[in-house]
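Comments concern the structure below.
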Amino acid sequence: MASSPAHTVLYPGSFDPFHNGHLDVVSQAVELFGNVVVAVMHNPDKPSGLIPLADRVQLARQSTAHLSGVRVDAFPGLAVQAAAVAGAHFIVKGLRTPGDFEVEQQMAHTNHSVTGVRTVYLPCRADQAYISSRFIREIAQYGGRIDHMVPASVASALAGIFGKPSGGSEGSS
Ligand code: PNS
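Its first residue numbered 486, the sequence shown is counted upward by one per residue in the numbering used here.
In structure tokens:
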């Protein structure tokens, strides 16, 4: 395949916490576009986050350290403003379910109406479509096993907050 010039794309999210589904979207985006700015942002619908913003940035950095072309930063304000500051050509979002599509499509149209920035959707891996930060937080809080859904650094951070998981078999994939 002929190589095309690299683009920069913005991947915004709350990443509370960053999980394997996020990592897959970043991997796809870097392969397709060349440069990815992971924007750790505030979601006004989720006012009480679990992990402080600065720690979410650190965890996303550690989780993507093996990928070249990836930068992780916290951004205030709107995703479209973050896209402009980052010099991003597109916003990238991962889709797991039809429900995700409904939410994301409205945001994509709204964002486009504000600054003209386009959103590109990437399908998540079929075997990761069930992974969500909300359920990871909930399971970790009650001591369930989450290590198959998150990078190792995130699993240790959650163990630091809630204690080591008690459910499931340790060492299985
Ligand atoms: O991981 P999430 O919680 O689904 O991410 C949602 C996020 C952070 C991408 C969204 O809430 C967002 O874009 N927040 C920044 C504020 C903004 O741009 N609001 C207008 C949306 S049309």
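For glycine and all other residues, C-beta sits at the position ideal for the given N, C-alpha and C.
Pairing Pro583 with Asn528, the inter-Cα distance amounts to about 20 angstroms. Each residue's CA atom was taken as its position, placing Gly648 and Gly628 some 7 angstroms apart.
In this chain, the beta strand (DSSP E) harbouring Arg603 covers 603-608.
When C-beta atoms of the segment 577-591 are compared with those of the segment 534-544, fewer than three pairs fall below 8 angstroms, so the two segments do not count as touching.
His492 is bridged by DSSP to Gly519. With a cutoff of 8 angstroms on beta-carbon distance, Leu552 and Val515 are scored as near each other.
At least one heavy atom of the ligand PNS is found less than 7 angstroms from the C-beta of Val565.
The criterion of a C-beta distance shorter than 8 angstroms is not satisfied by Asn596 and Val588.
The beta carbon of Arg622 sits closer than 6 angstroms to those of Leu535, all from its chain and outside the five residues before and after it, given in chain order. With at least 16 other beta carbons inside 10 angstroms of its own, Asp501 counts as buried. Under a 10 Å Cβ-count criterion, Pro636 is classified as buried, with 16 or more other Cβ atoms of the shown protein chains found around its own Cβ. For Leu580, the enclosing beta strand (DSSP E) has its first and last residue at 575-580. A straight-line Cα-Cα distance of about 19 angstroms links Thr493 and Val599.
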